[in-house]
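These notes are about the structure you will find just below.
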Amino acid sequence: MELYMSLAIGVLFTVGVYLILSKSLLRIILGTSFLTHGVHLLLLTMSRLKTGAAPLLGEKADAYVDPLPQALILTSIVISFGVTSFFFVLAYKAYRKLGTDDMEQLKGDNHHE
Numbered sequence: 138m139e140l141y142m143s144l145a146i147g148v149l150f151t152v153g154v155y156l157i158l159s160k161s162l163l164r165i166i167l168g169t170s171f172l173t174h175g176v177h178l179l180l181l182t183m184s185r186l187k188t189g190a191a192p193l194l195g196e197k198a199d200a201y202v203d204p205l206p207q208a209l210i211l212t213s214i215v216i217s218f219g220v221t222s223f224f225f226v227l228a229y230k231a232y233r234k235l236g237t238d239d240m241e242q243l244k245g246d247n248h249h250e
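Add 137 to a position in the sequence shown, counting from 1, and you land on the number used in this note's numbering.
In structure tokens:
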């Protein structure tokens, strides 16, 4: 199972980095979203996948999983959703005002050299 998760993490990181290096603002936002999901899977994989027990701590269960990584991932999912929504709104406003989402054109003509 860890092998498949590692492959999925590698694919998400590869696609995320590829999208971040593009010139389109929307592709950059999608790239950051892919990277965030890759980090989520990485944290989940690092917290051991094979146990299969419930994330209960303090209960008198025979087996349990550490609930801290799952809580961190859940918090990160909520934060990344909010940040991605904010980025999409900023990109939309920039597109409405400037008429493009190309990063080279968004930089403007002012060169401070």
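All residues carry an ideal CB built from backbone N, CA and C; glycine is no exception.
query                                                                                                                                                                    : result
What does DSSP give as the partner residues of residue 161 in its beta bridges?                                                                                          : 239
Counting only the same chain and skipping the five closest in sequence on each side, list residues whose C-beta sits under 8 Å from that of residue 234.                 : none
One question on the structure: do residue 205 and residue 139 come within less than 9 Å of each other, judged by their Cβ atoms?                                         : no
How big is the Cα-Cα spacing for residue 143 and residue 175?                                                                                                            : 10 Å
In chain order, what residues of the same chain have a beta carbon less than 7 Å from the beta carbon of residue 156, not counting five sequence neighbours either side? : 164, 165, 167, 168, 171
Once the 5 residues before and after residue 224 are set aside, which same chain residues still bring their CB inside 6 Å of it?                                         : 166
Hey, residue 207 and residue 179: beta-carbon distance below 9 Å or not?                                                                                                 : no
Identify whether residue 185 lies in helix, strand or coil by the three-state DSSP scheme.                                                                               : coil
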